[in-house]
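S.K.:
Number of protein chains: 2
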Amino acid sequence: MKYRRVPDETIRRLPVYLRGAIYFSRQGMKSVSSEKLAGLVGVNSWQIRKDFSYFGEFGTPGVGYDIGTLIKHIQRILRLNVVHKAALVGAGNLGSALLAYPGFRMYGFEIAAAFDMDKRKVGKKRAGVVIEDMAKLRTLKARYIRLGIIAVPEEAAQDVADQLVLAGVKGILNFSPRYVSVPSKVKIITIDIAMDLACLPYYTPAG
Amino acid sequence: MKYRRVPDETIRRLPVYLRGAIYFSRQGMKSVSSEKLAGLVGVNSWQIRKDFSYFGEFGTPGVGYDIGTLIKHIQRILRLNVVHKAALVGAGNLGSALLAYPGFRMYGFEIAAAFDMDKRKVGKKRAGVVIEDMAKLRTLKARYIRLGIIAVPEEAAQDVADQLVLAGVKGILNFSPRYVSVPSKVKIITIDIAMDLACLPYYTPAG
DNA sequence: GTTTGTGAATAGTTTCACAGCA
DNA sequence: TGCTGTGAAACTATTCACAAAC
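Protein chains in written order, with this note's numbering: chain A, 1 to 207; chain B, 1 to 207.
(1) Assess, as a yes-or-no matter, whether the region 170-180 of chain B is touched by the region 188-199 of chain B under the definition of 3 or more beta carbon pairs within less than 8 Å.
(2) What first and last residue would you give for the alpha helix (DSSP H) that runs through Y72 (chain A)?
(3) Count Cβ pairs between the region 38-49 of chain B and the region 124-142 of chain B that sit closer than 8 Å; are there 3 or more?
(4) Using a C-beta to C-beta distance shorter than 7 Å, which residues of chain B count as neighbours of R19 (chain A)?
(5) Expressed to the nearest angstrom, what Euclidean distance is found between the alpha-carbon atoms of G62 (chain B) and R19 (chain B)?
(6) Taking any Cβ of chain A, which residues in the region 56-83 of chain B have a Cβ under 8 Å from it, in chain order?
(7) With which residues is S31 (chain B) paired in a DSSP beta bridge?
(8) Along the alpha helix (DSSP H) that carries Y157 (chain B), what are the first and last residues, could you check?
(9) Would you say N93 (chain A) reaches chain B, if we count a Cβ-Cβ gap shorter than 8 Å as a contact?
(10) For A210 (chain B), tell me which candidate among B:Y3, B:V16, B:A167, B:A156 has the shortest Cα-Cα distance.
(11) Going along the chain, which residues of the region 1-13 of chain A sit with their C-beta nearer than 8 Å to a C-beta in chain B?
(12) When the cut-off is 8 Å and only beta carbons count, does G128 (chain B) lie next to chain A?
(13) Figure out for me which residue from A:Q27, A:G56, A:Y65 has the closest Cα to the Cα of S45 (chain A).
(14) What's the gap between the Cα of Q75 (chain B) and the Cα of G39 (chain A)?
(15) Which chain B residues sit within Cβ distance under 8 Å of F216 (chain A)?
(16) Does the region 76-86 of chain A come within contact of the region 22-37 of chain A, defined as at least 3 CB pairs closer than 8 Å?
(17) Rounded to a whole number of angstroms, what is the C-alpha to C-alpha distance between I67 (chain A) and A100 (chain A)?
(18) Please list, in chain order, the chain A residues whose beta carbon lies closer than 8 Å to that of S213 (chain B).
(19) Using a threshold of 8 Å, state whether the C-beta atoms of L37 (chain B) and I77 (chain B) are closer than that.
(20) In the DSSP assignment, the alpha helix (DSSP H) including A151 (chain A) goes from what residue to what residue?
(21) Starting from N93 (chain B), trace the alpha helix (DSSP H) in both directions and tell me its first and last residue.
(22) Apply the 10 Å Cβ neighbour rule to R146 (chain A) and answer buried if 16 or more other Cβ atoms are within range, or exposed otherwise.
(23) Go ahead and pull the three-state DSSP assignment for E110 (chain A).
(24) For K170 (chain B), decide whether its Cβ has a neighbour in chain A, counting only Cβ atoms nearer than 8 Å.
(25) Using a Cβ-Cβ cut-off of 8 Å, state whether V32 (chain B) counts as contacting chain A.
(26) With the cut-off set at 8 Å, would you say F115 (chain B) and A151 (chain B) are in Cβ contact?
(27) Considering only DSSP beta bridges, list what I188 (chain A) is partnered with.
(28) Based on the DSSP output, what are the partners of T60 (chain A) in its beta bridges?
And the structure:
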């Protein structure tokens, strides 16, 4: 296929395919068709084939995709083939849930450090990770931690983001319900878990 | 403006605008321009004006949008002007975090019930909500609870979704990292908090 | 027979530029 | 002057249909 810019939407779907491929792999399957994968992850089969086609041909007509190859391929495209260390800021309810969440490992992430403003929490452990003082954020660079996760109350979000940027992180996952501004060299993704729910009533007329 | 189907993307942005409007309202402001709102929420001003234009004219040229009117308008469009009761299934780490999350109230949601498979948790309280036995799910309809939130391990997600559908919910917010299938009359939104993070390394080359 | 890969057609979304109103 | 509302243009993404590969 002649070169075309990869759509952002395609990138957004790759983790879904990766999860599906890992699932089939654990079931002991060796290869899978776009139709089968489509059934599992809830995306059309032609959409899946189109998405994969942006990265060259790696399926076998009449057979499907080799699951091992597929996993490696997607991991390399998304740069998930190396372990990415992340720092969590905020060890409250949400932060603790994130520390215990098994989903990060699946994509090669490791929450390697946790921080909290509350001095009483400092030194305690959550899911095997020792909570550190906010002042220690400056050590991130030396510890090769390049991602930050914000799980603090919204008033503190911008301040924490500034500190993370200062500490040299390259990407931030923001769980606080507030838009946060960062220099353009830093990529930020904001997830407001209530916002997705806010769209639901619109789509459920007889609610 | 002549009628045109409202883009899904516009609907997805409305909660963002709503949050911004509520923020300005709390600051004591009476009206706001699309430019000001744009600065807060990180969307272009013309995008905001376009989005609003799908629902008729409610701004004043030379002045901006009346904040009170804006809030009421968006709430009505999204059907957030009545309280929506939701049932949480799964009172583990994530479930507890959701129960304590203040963001739901902002959009008019109330987690009115919580359920867990673990009999030892049944009867205990989390953030003021008593955890009930899974068997009580069948009482949702009588209690006017039409939304379900799934916060259980992925193996149990499909089963819980089936039970929620049986209990008559109209919409489901799924936090388990697995695609779940439901009848087409039920709207489901799946959030995998790790999946968003999985896209980050792709956008941060020097990671 | 089955399943991939992809150009072309269709659909959806964003951006622009500016007329018109307060 | 300042800001909204919107048609038209540009851009992006999805869907289709089918030739080619196994």
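Heads up, the beta-carbon is just placed ideally off N, CA and C, and yes, glycines get one too.
M.R.: In brief:
(1) Taking 8 Å as the limit for Cβ pairs, the verdict is that the region 170-180 of chain B does touch the region 188-199 of chain B.
(2) One detail in the question is off: residue 72 (chain A) reads as Lys in this sequence, not Tyr. Per DSSP, the continuous alpha helix (DSSP H) segment holding K72 (chain A) begins and ends at 67-77.
(3) Contact fails: fewer than three Cβ-Cβ distances are below 8 Å.
(4) Within chain B, the residues near R19 (chain A) are P177.
(5) Separation of G62 (chain B) and R19 (chain B) (C-alpha to C-alpha, rounded to the nearest whole angstrom) is 23 Å.
(6) The residues in question are I77, L78, R79, L80.
(7) According to DSSP, S31 (chain B) bridges with B:D66.
(8) What sits at residue 157 (chain B) in the sequence shown is Ala, not Tyr. Here the alpha helix (DSSP H) through A157 (chain B) covers 154-166.
(9) In terms of beta-carbon proximity, N93 (chain A) lines the interface with chain B, with at least one pair separated by less than 8 Å.
(10) The question about residue 210 (chain B) has no answer, for chain B in this structure spans 1 to 207.
(11) Residues I11, R12.
(12) No, its Cβ sits nowhere closer than 8 Å to a Cβ of chain A.
(13) When each option's Cα is compared against that of S45 (chain A), the closest is A:Y65.
(14) Going by the C-alpha atoms only, they are around 35 Å apart.
(15) Because chain A here runs from 1 to 207, residue 216 (chain A) falls outside it and cannot be looked at.
(16) The region 76-86 of chain A vs the region 22-37 of chain A: no contact.
(17) Their Cα atoms are separated by approximately 28 Å.
(18) Coverage of chain B is limited to positions 1 through 207, which leaves residue 213 (chain B) absent and any answer about it impossible.
(19) With respect to the 8 Å criterion, L37 (chain B) and I77 (chain B) are not classified as neighbours on the basis of their beta carbons.
(20) From DSSP, A151 (chain A) is part of no alpha helix (DSSP H); its letter is neither H nor E.
(21) Where N93 (chain B) is concerned, the enclosing alpha helix (DSSP H) stretches over 93-100.
(22) The residue is buried, with at least 16 neighbouring Cβ atoms inside 10 Å.
(23) When secondary structure is reduced to three states using DSSP, E110 (chain A) falls in the strand class.
(24) So yes, K170 (chain B) belongs to the interface.
(25) V32 (chain B) does not count as touching chain A.
(26) Contact annotation: F115 (chain B) and A151 (chain B) have beta-carbon atoms that are not nearer than 8 Å.
(27) I188 (chain A) pairs with A:I172.
(28) The partner list for T60 (chain A) (beta bridge, DSSP) reads A:G64.
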